[in-house]
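Peer 1:
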Amino acid sequence: MARVGLVVNPAAGRDIRRLTGGASVVDNYAKRRVADCVLEGLTAVADRPSVRLMPDRSGIADHILEEAPDAIEAEALEMPVENTAADTRRAAARFREAGVGAVVVLGGDGTTRDVASEIGSVPVVAVSTGTNNVVPSAVDGTVAGVAAALVATGAVLAADVVDRHGRIEARAETPNGEKRLTALAAAEVSSRSFIGSRALLDPDDLRGGVVSRARPGDIGLPAIAGALEPVAPDEPGGVAVRLTDPENSPRTARAVLAPGVVATVGIESCERVDSDEPVTFEVPDGVVGADGERELELTDASVEFRVRSDGPRLVDVDAALTIGANAGAFALEATDAPPAPED
Amino acid sequence: MGGLDIETEEGRREALRRMLTIRAFDSEAGDRFADGEIPGFVHLYIGEEAVGVGTCASLEDEDYIASTHRGHGHCIAKGLDPKYMMAELYGKAEGYCNGKGGSMHIADVDAGMLGANGIVGAGPPLATGAALSIDYQDRDQVAVGFLGDGAVAQGQVHEAMNLAATWDLPAIFVIENNHYGEGTPVEEQHNVDNLSDTAQAYDIPGLTVDGMDVTAVAEAVGEARARARAGDGPSLIEAETYRYRGHYEGDEEPYRDEDEIERWKARDPIDSFKERLIDRGELTAEEFDELEHEIEAEIEAAVEYAQSAEPPAPHEAYEDMFAETPPEIERFATAARTDGGERIEDSRSTSDRSRSEGGERR
Numbered sequence: 009m010a011r012v013g014l015v016v017n018p019a020a021g022r023d024i025r026r027l028t029g030g031a032s033v034v035d036n037y038a039k040r041r042v043a044d045c046v047l048e049g050l051t052a053v054a055d056r057p058s059v060r061l062m063p064d065r066s067g068i069a070d071h072i073l074e075e076a077p078d079a080i081e082a083e084a085l086e087m088p089v090e091n092t093a094a095d096t097r098r099a100a101a102r103f104r105e106a107g108v109g110a111v112v113v114l115g116g117d118g119t120t121r122d123v124a125s126e127i128g129s130v131p132v133v134a135v136s137t138g139t140n141n142v143v144p145s146a147v148d149g150t151v152a153g154v155a156a157a158l159v160a161t162g163a164v165l166a167a168d169v170v171d172r173h174g175r176i177e178a179r180a181e182t183p184n185g186e187k188r189l190t191a192l193a194a195a196e197v198s199s200r201s202f203i204g205s206r207a208l209l210d211p212d213d214l215r216g217g218v219v220s221r222a223r224p225g226d227i228g229l230p231a232i233a234g235a236l237e238p239v240a241p242d243e244p245g246g247v248a249v250r251l252t253d254p255e256n257s258p259r260t261a262r263a264v265l266a267p268g269v270v271a272t273v274g275i276e277s278c279e280r281v282d283s284d285e286p287v288t289f290e291v292p293d294g295v296v297g298a299d300g301e302r303e304l305e306l307t308d309a310s311v312e313f314r315v316r317s318d319g320p321r322l323v324d325v326d327a328a329l330t331i332g333a334n335a336g337a338f339a340l341e342a343t344d345a346p347p348a349p350e351d
Numbered sequence: 053m054g055g056l057d058i059e060t061e062e063g064r065r066e067a068l069r070r071m072l073t074i075r076a077f078d079s080e081a082g083d084r085f086a087d088g089e090i091p092g093f094v095h096l097y098i099g100e101e102a103v104g105v106g107t108c109a110s111l112e113d114e115d116y117i118a119s120t121h122r123g124h125g126h127c128i129a130k131g132l133d134p135k136y137m138m139a140e141l142y143g144k145a146e147g148y149c150n151g152k153g154g155s156m157h158i159a160d161v162d163a164g165m166l167g168a169n170g171i172v173g174a175g176p177p178l179a180t181g182a183a184l185s186i187d188y189q190d191r192d193q194v195a196v197g198f199l200g201d202g203a204v205a206q207g208q209v210h211e212a213m214n215l216a217a218t219w220d221l222p223a224i225f226v227i228e229n230n231h232y233g234e235g236t237p238v239e240e241q242h243n244v245d246n247l248s249d250t251a252q253a254y255d256i257p258g259l260t261v262d263g264m265d266v267t268a269v270a271e272a273v274g275e276a277r278a279r280a281r282a283g284d285g286p287s288l289i290e291a292e293t294y295r296y297r298g299h300y301e302g303d304e305e306p307y308r309d310e311d312e313i314e315r316w317k318a319r320d321p322i323d324s325f326k327e328r329l330i331d332r333g334e335l336t337a338e339e340f341d342e343l344e345h346e347i348e349a350e351i352e353a354a355v356e357y358a359q360s361a362e363p364p365a366p367h368e369a370y371e372d373m374f375a376e377t378p379p380e381i382e383r384f385a386t387a388a389r390t391d392g393g394e395r396i397e398d399s400r401s402t403s404d405r406s407r408s409e410g411g412e413r414r
């Protein structure tokens with residue numbers, strides 16, 4: 009039987025942008041309901057996949073199991089739960105080892121990145137429940153579930169509906185040794201000294217960085233790059249952006265830096281970079297971020313960024329349903345049809 | 053003392069000093085309580101230092117805080133003098149409440165510290181009241197109410213947050229989620245996963261930060277303070293943290309295991325901040341050791357001071373209880389006296405007392 013993995017990140021979506029931006033709250037009740045929708049979506053195909061859930065301490069997986077449609081065989085993975093991002097990475101590794109046909113991720117860029125680090129080539133349906141997200145789509149959970157079922161069961165060929173997203177590797181040489189991080193859409197350089205509440209809050213602190221995609225409709229650094237040098241998510245390479253004080257810059261751009269925040273930034277340079285081409289930033293005192301969150305505190309460091317083409321294989325939900333419909337995945341033969349409801 | 057700017061090297065050093073002072077104070081208080089020298093109860097703040105210090109780092113001297121039963125850290129973070137705190141723990145007349153309050157009632161209104169509190173969830177109503185006074189008198193201040201994870205389910209906490217939110221008062225509620233209400237794990241007390249989700253019920257922003265990182269707490273409280281001062285009302289901040297010691301001294305802690313404690317200790321707020329400052333080149337291991345020794349000596353001196361100080365006189369037992377002593381208390385106090393002496397009219401207030409270095413009054 010085909011299997012689908014499901015990751016619901018309980019921690020996603022509660023950061024400081026509640027206070028400073030226009031980000032909205034997605035509580036666990038809402039996430040659970042979205043997850044219920046995903047499972048319902050899995051019933052859209054005749055050959056229903058089973059589902060495996062990442063366990064958590066918040067009762068989300070338990071609730072989902074209780075509410076699971078009878079037609080779906082659902083179980084939580086047996087694994088230790090630390091209540092940290094390590095849970096997500098561990099669950100993704102288990103899904104890959106178990107050979108699931110697709111994984112649905114409810115979370116933000118951070119959760120998707122954690123899944124991506126371990127999921128290998130398993131197709132990922134990323135559904136946004138985080139704060140300000142570039143990679144996952146704001147798609148209905150039920151529809152996402154249908155897409156996952158189509159891909160996992162082979163009703164739709166994964167190769168026809170997945171796009172390989174890029175990622176960015178950052179390697180910092182510091183007086184205290186080497187530090188690394190990986191981002192999916194954007195690796196940013198901020199002049200703030202500390203990780204603090206993690207979110208990249210103030211446009212004035214943003215010095216630039218490297219993005220693996222650049223669309224004006226994105227949020228954060230990919231939106232700035234997208235305003236000048238658009239790059240599709242599945243195109244190889246990316247864009248390196250260096251920012252400067254907009255007051256003293258001949259070139260400026262207005263872009264969506266966070267939900268509820270449109271800012272003018274000064275552009276020192278904005279250039280296409282090829283896959284694996286190094287881009288270096290000197291960081292005397294600052295932080296390198298991944299997908300909008302401050303991660304690495306650095307002093308006197310030199311940071312080398314490279315865009316890689318081997319990010320997660322993300323399912324295009326619309327394309328999956330369109331191809332699935334064309335292939336007759338939803339047009340059931342009389343023998344497969346569910347019994348007519350009694351009026 | 054009060055606010056410190058964590059954006060500056062000097063401010064970071066001060067934040068480290070205050071966290072170390074809290075740890076040294078509470079380690080000593082725990083030992084002295086175990087020795088039977090300190091009466092009553094003590095609840096130690098060890099492990100949670102970044103929450104109190106991070107919060108107070110983003111406050112101004114004039115701002116108010118209202119504390120909990122685990123209040124020593126809040127006091128030190130707000131700039132109170134460990135010497136008079138220790139005297140209070142020892143029940144001595146030189147203590148902040150003239151020795152009549154003990155660990156759970158240390159207050160210094162002039163320093164903006166409205167009091168530790170033996171009642172679970174009693175800080176938020178005080179903070180809302182203080183915020184109302186600020187609003188009413190149009191002053192440039194905010195009031196912070198600290199509460200524990202267990203207190204989130206208290207009725208008075210709901211009332212305080214609701215009122216503050218409804219009237220857009222300049223309050224900040226800081227939940228110290230140390231993951232246990234006494235011995236009950238947080239997930240067995242509350243149906244929401246993140247306690248900051250409760251903010252939605254009041255239509256105010258709620259956020260969760262790493263309570264083991266002083267920079268995270270300081271940043272969140274700084275933004276909440278800006279929001280409050282802009283007239284936009286209160287915010288709810290949940291700081292995820294951990295107490296290394298039992299709920300009270302003597303707690304056998306059957307509800308958790310050593311592995312869990314070690315996992316949290318691996319993220320120790322003082323060690324991690326120290327390492328970051330060393331990485332930044334603004335602190336050396338030797339300077340840290342020196343600072344630690346200096347603080348230990350300060351705390352030892354505080355203990356010696358407290359040990360040798362005098363307890364309040366029996367005839368002062370009914371003083372310092374009311375701004376104006378009600379007649380029935382006055383009558384009772386007179387009847388209860390055995391020495392036949394006159395009642396002393398003006399009891400000491402903390403503002404009359406000179407402070408030792410580091411705790412000077414505005």
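For the record, the sequence lines run as chains A and B. So the first sequence is residues 9 to 351, counted in our numbering. So the second sequence is residues 53 to 414, counted in our numbering. Backbone N, C-alpha and C fix where the C-beta goes; we use that ideal spot for every residue, glycine too. Just so we're clear, the structure is a prediction, and the values are computed from it rather than from any experiment.
Using a Cβ-Cβ distance cut-off of 7 Å, determine whether E61(B) contacts chain A.
Peer 2: no
Peer 1: Verify whether the separation of the beta carbon atoms of V132(A) and I176(A) is less than 7 Å.
Peer 2: no
Peer 1: For E305(A), which three-state DSSP category applies?
Peer 2: strand
Peer 1: Suppose contacts are defined by Cβ-Cβ distances below 7 Å. Is D299(A) in contact with A191(A) by that definition?
Peer 2: yes
Peer 1: Using a Cβ-Cβ distance cut-off of 7 Å, determine whether D351(A) contacts chain B.
Peer 2: At D351(A), the pLDDT of 47 sits below 50, so the modelled position is not reliable; the number obtained from the coordinates is stated separately. Not closer than 7 Å to any Cβ of chain B, the Cβ of D351(A) fails to qualify, so no.
Peer 1: For T51(A) and E83(A), I'd like the C-alpha separation in whole angstroms.
Peer 2: 16 Å
Peer 1: Note down, in chain order, every chain A residue with its Cβ under 9 Å from the Cβ of T293(B).
Peer 2: Per Cβ cutoff of 9 Å: no residues; T293(B) is ~14 Å from chain A at best.
Peer 1: Which residues in chain A sit within 7 Å of A333(B), going by Cβ to Cβ distance?
Peer 2: A quick correction: the sequence has Gly, not Ala, at residue 333(B). Neighbours of G333(B) on chain A, chain order: T307.
Peer 1: Out of D57(B), E368(B) and M138(B), state which residue places its alpha-carbon closest to the alpha-carbon of E352(B).
Peer 2: M138(B)
Peer 1: Can you tell me whether L72(B) is buried or exposed? The criterion is at least 16 other CB atoms within 10 Å of its CB, across all chains shown.
Peer 2: buried
Peer 1: Below 7 Å between beta carbons is the criterion; list the residues of the region 276-293 of chain B that meet it against any residue of chain A, in chain order.
Peer 2: A276, R279 and S287
Peer 1: Measure the alpha-carbon distance for S406(B) versus E304(B) and round it to whole angstroms.
Peer 2: Any reading at S406(B) must be qualified, since the residue scores a pLDDT of 44, below 50, and its modelled position is unreliable; no value is offered.
Peer 1: Does A232(B) come out as helix, strand or coil in the three-state DSSP assignment?
Peer 2: Residue 232(B) is actually Tyr in this sequence, not Ala. The answer is strand: DSSP assigns Y232(B) an E or B state.
Peer 1: Where do the N-terminal and C-terminal ends of the beta strand (DSSP E) with P292(A) fall, by residue?
Peer 2: For P292(A), the uninterrupted beta strand (DSSP E) segment begins and ends at V287 to A298.
Peer 1: Report the rounded CA-to-CA distance for A385(B) versus Y370(B), giving the unit in angstroms.
Peer 2: 6 Å
Peer 1: At 9 Å on the CB atoms, spell out the chain B contacts of S125(A), in chain order.
Peer 2: Result: empty, since nearest Cβ-Cβ is about 21 Å, beyond 9 Å.
Peer 1: Give the straight-line distance between the Cα atoms of R75(B) and G246(A), rounded to the nearest whole angstrom.
Peer 2: 48 Å
Peer 1: With DSSP as the reference, label L259(B) as helix, strand or coil.
Peer 2: strand
Peer 1: With a cut-off of 8 Å, do at least 3 Cβ pairs link the region 243-263 of chain B to the region 81-101 of chain A?
Peer 2: no
Peer 1: In the structure shown, what three-state DSSP assignment does E61(B) receive?
Peer 2: DSSP places E61(B) in helix when its eight states are reduced to three.
Peer 1: Quick check: the Cα distance between L184(B) and V238(B), rounded to an integer number of angstroms?
Peer 2: 31 Å
Peer 1: Which chain B residues sit within Cβ distance under 8 Å of N36(A)?
Peer 2: Below the 8 Å Cβ cutoff, chain B contributes V244, D245, N246 and D249 as neighbours of N36(A), in chain order.
Peer 1: Enumerated in chain order, which unbroken segments of the alpha helix (DSSP H) with a length of 4 residues or greater are wholly contained in the region 57-138 of chain B?
Peer 2: 61-86, 101-109 and 124-129
Peer 1: Give the DSSP bridge partners of S198(A), in chain order.
Peer 2: L214(A) and V295(A)
Peer 1: I'd like to know whether the C-beta atoms of E292(B) and N243(B) end up nearer to each other than 7 Å.
Peer 2: no
Peer 1: Return the CA-CA distance between I186(B) and L221(B), expressed in angstroms with no decimal places.
Peer 2: Rounded to the nearest angstrom, the two C-alpha atoms are 8 Å apart.
Peer 1: Return the residue from the list M373(B), I381(B), E380(B) and R383(B) that minimises the CA-CA distance to G153(B).
Peer 2: M373(B)
Peer 1: Could you list which residues in chain B have their beta carbon closer than 8 Å to that of I24(A), in chain order?
Peer 2: L259, V261, E271, A272 and E275
Peer 1: Mind listing, in chain order, the continuous beta strand (DSSP E) runs of no fewer than 3 residues lying wholly within the region 96-155 of chain A?
Peer 2: Scanning the region 96-155 of chain A from its first residue to its last, the whole beta strand (DSSP E) runs of 3-plus residues come out as 110-115 and 132-136.
Peer 1: Which residues of the region 170-200 of chain A have a Cβ closer than 7 Å to any Cβ of chain B? Give them in chain order.
Peer 2: N184
Peer 1: Contact check, V273(A) vs T260(A) under 8 Å by CB: the rounded distance?
Peer 2: 7 Å
Peer 1: Per DSSP, which one or two residues make a beta bridge with A84(A)?
Peer 2: DSSP output for A84(A) lists L61(A) as bridge partner(s).
Peer 1: Using the three-state DSSP reduction, which class does A375(B) fall into: helix, strand or coil?
Peer 2: coil
Peer 1: Which residues of chain A have a Cβ atom closer than 8 Å to the Cβ of E338(B), listed in chain order?
Peer 2: The contacting residues do not exist; E338(B) stays about 17 Å from chain A at best.
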